[in-house]
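Everything on this sheet refers to the single structure shown next.
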Amino acid sequence: MDQYDGEENYMPQEDDWDRDMLLDPAWEKQQRKTFTAWCNSHLRKAGTQIENIEEDFRDGLKLMLLLEVISGERLAKPERGKMRVHKISNVNKALDFIASKGVKLVSIGAEEIVDGNAKMTLGMIWTIILRFAIQDISVEETSAKEGLLLWCQRKTAPYKNVNIQNFHISWKDGLGFCALIHRHRPELIDYGKLRKDDPMTNLNTAFDVAEKYLDIPKMLDAEDIVGTARPDEKAIMTYVSSFYHAFSGAQKAETAANRICKVLAVNQENEQLMEDYEKLASDLLEWIRRTIPWLENRMPENTMQAMQQKLEDFRDYRRLHKPPKVQEKCQLEINFNTLQTKLRLSNRPAFMPSEGKMVSDINNAWGNLEGAEKGYEEWLLNEIRRLERLDHLAEKFRQKAAIHEAWTGGKEEMLQQRDYESSSLSEIKALLKKHEAFESDLTAHQDRVEQIAAIAQELNELDYYDSPSVNARCQRICDQWDSLGNLTQKRSEALQRTEKLLETIDQLYLEFAKRAAPFNNWMEGAMEDLQDTFIVHTIEEIQGLSMAHEQFKATLPEADKERQAILGIHNEIAKIVQTYHVNIAGSNPYTTINPQEVNAKWDKVRHLVPQRDQALIEEHARQQNNERLRRQFANQANVIGPWIQTKMEEIGRISIEMHGTLEDQLTHLRQYEKSIINYKPKIDQLEGDHQLIQEALIFDNKHTNYTMEHIRVGWEQLLTTIARTINEIENQILTRDAKGITQEQLNEFRASFNHFDRDHSGSLGAEEFKACLISLGFDIGNDAQGENEFSRIMSIVDPNRMGLVTFQAFIDFMSRETADTDTADQVMASFKVLAGDKNYILADELRRELPPDQAEYCIARMAPYSGPDAVPGALDYMSFSTDPSLPLHHHVHYAHLSVPFSHLPPRCVPPLPPHPLHDAAALYLYEDGETKYFCFYFLLFFFQKKKRIK
Numbered sequence: 001m002d003q004y005d006g007e008e009n010y011m012p013q014e015d016d017w018d019r020d021m022l023l024d025p026a027w028e029k030q031q032r033k034t035f036t037a038w039c040n041s042h043l044r045k046a047g048t049q050i051e052n053i054e055e056d057f058r059d060g061l062k063l064m065l066l067l068e069v070i071s072g073e074r075l076a077k078p079e080r081g082k083m084r085v086h087k088i089s090n091v092n093k094a095l096d097f098i099a100s101k102g103v104k105l106v107s108i109g110a111e112e113i114v115d116g117n118a119k120m121t122l123g124m125i126w127t128i129i130l131r132f133a134i135q136d137i138s139v140e141e142t143s144a145k146e147g148l149l150l151w152c153q154r155k156t157a158p159y160k161n162v163n164i165q166n167f168h169i170s171w172k173d174g175l176g177f178c179a180l181i182h183r184h185r186p187e188l189i190d191y192g193k194l195r196k197d198d199p200m201t202n203l204n205t206a207f208d209v210a211e212k213y214l215d216i217p218k219m220l221d222a223e224d225i226v227g228t229a230r231p232d233e234k235a236i237m238t239y240v241s242s243f244y245h246a247f248s249g250a251q252k253a254e255t256a257a258n259r260i261c262k263v264l265a266v267n268q269e270n271e272q273l274m275e276d277y278e279k280l281a282s283d284l285l286e287w288i289r290r291t292i293p294w295l296e297n298r299m300p301e302n303t304m305q306a307m308q309q310k311l312e313d314f315r316d317y318r319r320l321h322k323p324p325k326v327q328e329k330c331q332l333e334i335n336f337n338t339l340q341t342k343l344r345l346s347n348r349p350a351f352m353p354s355e356g357k358m359v360s361d362i363n364n365a366w367g368n369l370e371g372a373e374k375g376y377e378e379w380l381l382n383e384i385r386r387l388e389r390l391d392h393l394a395e396k397f398r399q400k401a402a403i404h405e406a407w408t409g410g411k412e413e414m415l416q417q418r419d420y421e422s423s424s425l426s427e428i429k430a431l432l433k434k435h436e437a438f439e440s441d442l443t444a445h446q447d448r449v450e451q452i453a454a455i456a457q458e459l460n461e462l463d464y465y466d467s468p469s470v471n472a473r474c475q476r477i478c479d480q481w482d483s484l485g486n487l488t489q490k491r492s493e494a495l496q497r498t499e500k501l502l503e504t505i506d507q508l509y510l511e512f513a514k515r516a517a518p519f520n521n522w523m524e525g526a527m528e529d530l531q532d533t534f535i536v537h538t539i540e541e542i543q544g545l546s547m548a549h550e551q552f553k554a555t556l557p558e559a560d561k562e563r564q565a566i567l568g569i570h571n572e573i574a575k576i577v578q579t580y581h582v583n584i585a586g587s588n589p590y591t592t593i594n595p596q597e598v599n600a601k602w603d604k605v606r607h608l609v610p611q612r613d614q615a616l617i618e619e620h621a622r623q624q625n626n627e628r629l630r631r632q633f634a635n636q637a638n639v640i641g642p643w644i645q646t647k648m649e650e651i652g653r654i655s656i657e658m659h660g661t662l663e664d665q666l667t668h669l670r671q672y673e674k675s676i677i678n679y680k681p682k683i684d685q686l687e688g689d690h691q692l693i694q695e696a697l698i699f700d701n702k703h704t705n706y707t708m709e710h711i712r713v714g715w716e717q718l719l720t721t722i723a724r725t726i727n728e729i730e731n732q733i734l735t736r737d738a739k740g741i742t743q744e745q746l747n748e749f750r751a752s753f754n755h756f757d758r759d760h761s762g763s764l765g766a767e768e769f770k771a772c773l774i775s776l777g778f779d780i781g782n783d784a785q786g787e788n789e790f791s792r793i794m795s796i797v798d799p800n801r802m803g804l805v806t807f808q809a810f811i812d813f814m815s816r817e818t819a820d821t822d823t824a825d826q827v828m829a830s831f832k833v834l835a836g837d838k839n840y841i842l843a844d845e846l847r848r849e850l851p852p853d854q855a856e857y858c859i860a861r862m863a864p865y866s867g868p869d870a871v872p873g874a875l876d877y878m879s880f881s882t883d884p885s886l887p888l889h890h891h892v893h894y895a896h897l898s899v900p901f902s903h904l905p906p907r908c909v910p911p912l913p914p915h916p917l918h919d920a921a922a923l924y925l926y927e928d929g930e931t932k933y934f935c936f937y938f939l940l941f942f943f944q945k946k947k948r949i950k
């Protein structure tokens, strides 16, 4: 429920009473009964009452009377006429009086009340109840509805089967009402005989007892509550508020119990925080210990599928497993800082975690984790690139080796033939020309053999897993190639010895062979190139391949002309044979290539061209999609990266600038935190785009300098920074509230701290801190005494001797002068109230007045009382209250004086010996009753310059 602003601007109506909306009939019935009974409980003080809530308030007279009774103030004189205008005037006077109390009446007008509008009348009465019966309820710094709910929860906490969470279904079984009565008047109800499954009896018992003994009118019937699935909240709140006001006299004991609870809760909460820190630190360190060996494992896999599975496992780790641990680490640091702050505020020793579980130990372990993680992803991607390259090379090796082996098949047998020994002269010359053509072909294949050897060498250098079989095949090819070379040389020498016997040769066969052989090689090379696999990573590379392919297609017309010419030679031979009836035995002696083979290979080339076109088109489309993914990722990364940096800078400025109160800064930071958390879907979207890029095996992006790793690290740092900054502000609020520091003092501390924090690092060096103290009026000279005093102060603000003073430590030191916490005497006095002014207290009294866990906490730690008035089971609360382990210390008050000498208190004792400030100031001690004050006052020179010192 909203709080009110100003002196008389009270909380607005809880609900807007829409004039067109109907109430639930059951709720309207409950509100009629409850509000009528509540009004009559006040009107009977004036000797009157109402019967029908919407009819009896129509003339405004009883409404004005009701307001006078509950407010104790006189309203304007009412109109006594019976006309409608007189009634509206009276109701308006009542509504104006309600509005003067800071209540905004939304959608409620005098005409609706005069017309007997039940819904508007009920809304008006509920507004009056809120303002005069519920608004001023205050329990433990909460008020109104929340305060009333907290009061009910505190009062009913010791009772089983009672769990008050709201003002509707929590009260249906009637045990809540019975528990409130039994807690304050146990003699009126035998709570042990009540049963949760008998709500009618419970409700009737509570309502009857309240009406008979507590002067609380019966506002509802048990049937109204039991017969409704969800009782009306306003009716229940009105009824419960009557119990609160009836028992408000018991607040003295409750206040005393609350004071003790506050002290004990600090100890219990600190102990729980220590246990939580130890467990969270152990779990986080164990997870880091198990994760680092996995990230340091660099054992490569032999297949692309296995390496891609490793990459997917790593993505799952970054996306699913690590983020919760980042949150745990951040929460661990926040818990540690909060615990240390609470221990300082409670005057307790600093918390020292178990060995190996310090925040620094966790940070070191986390650094080792990120160090192992840093190179793991890069290694994975490099291994995938290597395997991709290896697969491409291996396939290329197999294709070229197969082509070469197909070409060399039968060549050794052919070269070992001795057919020239029995051939005619023409046959010998033919054999010689054929061999020359073979040598030309052999030379042309030299490049392919060298390519095969080079690919095998590269596979070995890249550590291909099947290198032995590649090397064996390559060695067979090389050995066969050497054998072919030797055999070719021997056959050439034999043919040259018989060359003189060769005189004639068919020039046409020779010309066919010479032109067909290179054309055949060209076609085989074209087929090989057209079937050659390719791998590209950019659209420029695929465009280059497409351009080369288009250039190749441009040569096809000339190649076709060459084919026609070669076929023309063969046709000429056939024509000569047919024309001159030449007897030719066998095929062309100079070449194994025939027209059928030329045509077949040409058809194969023409068939492969469109296939190559389609492959290039598909690859071009894939590269276009990759380029789109690059731009899509870059467009987001180029926005998110600067956004993260800007937010980091803005958070840094908020943490050092003084705009508003700490609560304003905390609200501002939480708004930042909300906006940052709301930005998370964009990070997730970028993660999705990054995953698409990696799945597409895109390894570079010229459109942005941001990588996903940069964004992740920046995002994690941003979340950690906002959480730490919020925690720092919360700790400052804890310190301020615990020490009683005013906002003006806190602003002065921050201004002084920021002035000397030249580098905006959030901490002061020793010399900067010393200068800051001197500027605030501390007398720290350059002599031995001044250095000793400064060393003593540094040991307080920098116990770890880091040479730096944080703003939190600075506030702790400066706020010691204004500390205001519960003293041992106050706690002892509170226990004495609970004990009924006895020198001891009993366990039953503690259990009755304190919550169960804190009551047992006291019983377990209090020593038995041994005084002369001791009784069995008596506990010594006096020694417990002075236990140094409790967070108690004496009040220290410092007066800030900036008045002339004539305004100093009259009861000043003579001045003490000269102060180290010499003539600048003198120290006076005076007493006022039993309270002693120390004050400094300064000479007129300092007052003229508006100096002030604590």
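Taking the UniProt record's numbering, I'd label the letters of the sequence shown as residues 1 to 950. Beta carbons are placed, not taken as given, at the ideal position from N, Cα and C, and that holds for glycine. In this text the structure is predicted, and so the values were computed from the model without any measurement.
What's the C-alpha gap between residue i and residue j?
i	j	result
L636	G660	Sequence inspection shows Gln at residue 636; the Leu mentioned does not correspond to that position. Between Q636 and G660, the C-alpha separation is close to 35 Å.
N747	N754	10 Å
W287	E395	43 Å
T488	E458	30 Å
W151	V139	6 Å
Y464	D532	21 Å
E768	R801	15 Å
S881	M274	23 Å
S242	E328	47 Å
Under a three-way DSSP split, which group does residue i fall into?
i	result
D869	coil
D136	coil
P557	helix
L686	helix
S346	coil
D876	strand
G375	helix
S763	strand
V536	coil
F661	A quick correction: the sequence has Thr, not Phe, at residue 661. DSSP places T661 in coil when its eight states are reduced to three.
I841	strand
T882	coil
Excluding five sequence neighbours on each side, which residues of the same chain lie with their C-beta closer than 7 Å to the C-beta of residue i?
i	result
I780	K770, L773, I774, G786, E789, F790
A110	I88, V91, N92, L95
D173	K196, P199, N202
A766	M794, G803
Y590	A430, K433, K434, A437, Y509, L510, A513
W602	M523, R563
I189	C178, I181, H182, T205, V209
R612	L530, H549
I292	N368, L369, A372
Measure how close the beta-carbons of residue i and residue j come, nearest whole angstrom, since I'm counting them as under 8 Å.
i	j	result
R183	K155	5 Å
L484	H549	Not confirmed; about 33 Å, so no contact.
Does residue i come within less than 8 Å of chain C when only Cβ atoms are used?
i	result
V605	Any reference to chain C falls outside this structure, which holds one protein chain only.
For residue i, which residues of its own chain have a beta-carbon under 8 Å away from its beta-carbon, when the five flanking residues on both sides are left out?
i	result
N40	Q49, I50, P217
R515	E562, A565, I566, I569
For residue i, which residues of its own chain have a beta-carbon under 6 Å away from its beta-carbon, when the five flanking residues on both sides are left out?
i	result
C858	L846
For the region 450-515, which segments carrying the alpha helix (DSSP H) assignment without a break, of at least 4 residues, lie completely within its bounds, in sequence order? 467-497
Any beta strand (DSSP E) of 3 or more consecutive residues that is wholly inside the UniProt domain "Calponin-homology (CH)" (142-248): none
Let me know the alpha helix (DSSP H) ranges lying completely inside the region 678-765, each 4 residues or longer, listed in chain order. 680-695, 708-739, 743-756
Only counting runs of 4 or more residues, tell me where the alpha helix (DSSP H) segments fall wholly within the UniProt domain "Calponin-homology (CH)" (29-133), in order along the chain. 53-56, 61-71, 84-100, 110-114, 118-129
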